[in-house]
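Student:
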Amino acid sequence: MKYLTQKINRYKSPSFIILITVALPILLREFVSHPTTDVVFAIMVIVSLNVLIYLLFIATIGRLIVNDFVSILIDMGLSFLLIGIMFRIMHWPGAVMQITEGILFIVIGLSSLIYLKFKIH
Numbered sequence: 000m001k002y003l004t005q006k007i008n009r010y011k012s013p014s015f016i017i018l019i020t021v022a023l024p025i026l027l028r029e030f031v032s033h034p035t036t037d038v039v040f041a042i043m044v045i046v047s048l049n050v051l052i053y054l055l056f057i058a059t060i061g062r063l064i065v066n067d068f069v070s071i072l073i074d075m076g077l078s079f080l081l082i083g084i085m086f087r088i089m090h091w092p093g094a095v096m097q098i099t100e101g102i103l104f105i106v107i108g109l110s111s112l113i114y115l116k117f118k119i120h
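Per numbering that gives the first Met the number 0, residue 0 is the first one in the sequence shown, and the count goes up by one each step.
1) Can you give the beta carbon distance from L72 to I107, rounded, assuming they're within the 8 Å contact cut?
2) Let me make sure I understand the geometry here. Which of F79, S70, V44 and L48 has the alpha-carbon closest to that of E100?
3) Which residues in the same chain as I105 place their Cβ atom closer than 8 Å to its Cβ, once the five residues preceding and following it in sequence are excluded?
4) Please return the same chain residues whose Cβ sits closer than 6 Å to the Cβ of R87, not counting the five positions on each side in sequence.
5) Mind checking whether I82 and I52 have CB atoms under 8 Å apart?
6) Along the alpha helix (DSSP H) that carries K116, what are the first and last residues, could you check?
7) For W91 and L109, I'd like the C-alpha separation in whole angstroms.
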């Protein structure tokens with residue numbers, strides 16, 4: 000819970016996360032010829048898309064919102080929503096779950112932002 004209240008450096012991208020999400024499936028596909036590596040590859044592609052789109056929204060929307068927790072919720076919700084819409088267009092499984100999580104995070108973030116903005120002392 001402590002990391003939610005600390006100031007976050009939004010402009011420093013976690014390159015190790017991107018490296019892991021790109022390198023791990025490639026290594027698994029090269030050295031292991033098992034059908035489960037396709038599942039791992041698909042999961043890692045989903046994770047890397049979520050991380051990269053999340054970093055994009057943090058760089059743009061994170062500057063507009065002062066509270067870090069609210070900006071994290073809204074950014075994560077937008078990234079899940081965007082990935083869910085892409086999955087829905089491509090008719091891939093998991094689209095409804097991604098869209099539901101995205102809308103849930105956005106609603107929680109916006110309601111927290113409204114509460115913090117207009118709370119009665």
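Cβ coordinates follow ideal geometry from the N, Cα and C atoms, glycine included.
Tutor: The short version:
1) Position 73 of the sequence shown holds residue 72. Position 108 of the sequence shown holds residue 107. Confirmed, Cβ separation roughly 6 Å.
2) Translated into positions along the sequence shown, residue 100 becomes position 101. The residue with the shortest Cα to Cα distance from E100 is F79.
3) Taking the first residue of the sequence shown as 1, we reach residue 105 at position 106. Closer than 8 Å at the Cβ level, and outside the excluded window around I105, lie L72, I73, G76, L77 and L80.
4) Reading the sequence shown from its first residue, position 88 is the one you call residue 87. Taken in chain order, the residues that qualify are A94.
5) Along the sequence shown, read from residue 1 onward, the residue named residue 82 stands at position 83. Along the sequence shown, read from residue 1 onward, the residue named residue 52 stands at position 53. Contact flag set, yes.
6) By 1-based counting over the sequence shown, the position of residue 116 is 117. K116 -> alpha helix (DSSP H) spans A94 to F117.
7) Counting from one through the sequence shown, the residue named residue 91 turns up at place 92. Counting from one through the sequence shown, the residue named residue 109 turns up at place 110. Distance between the alpha carbons of W91 and L109 is about 28 Å.
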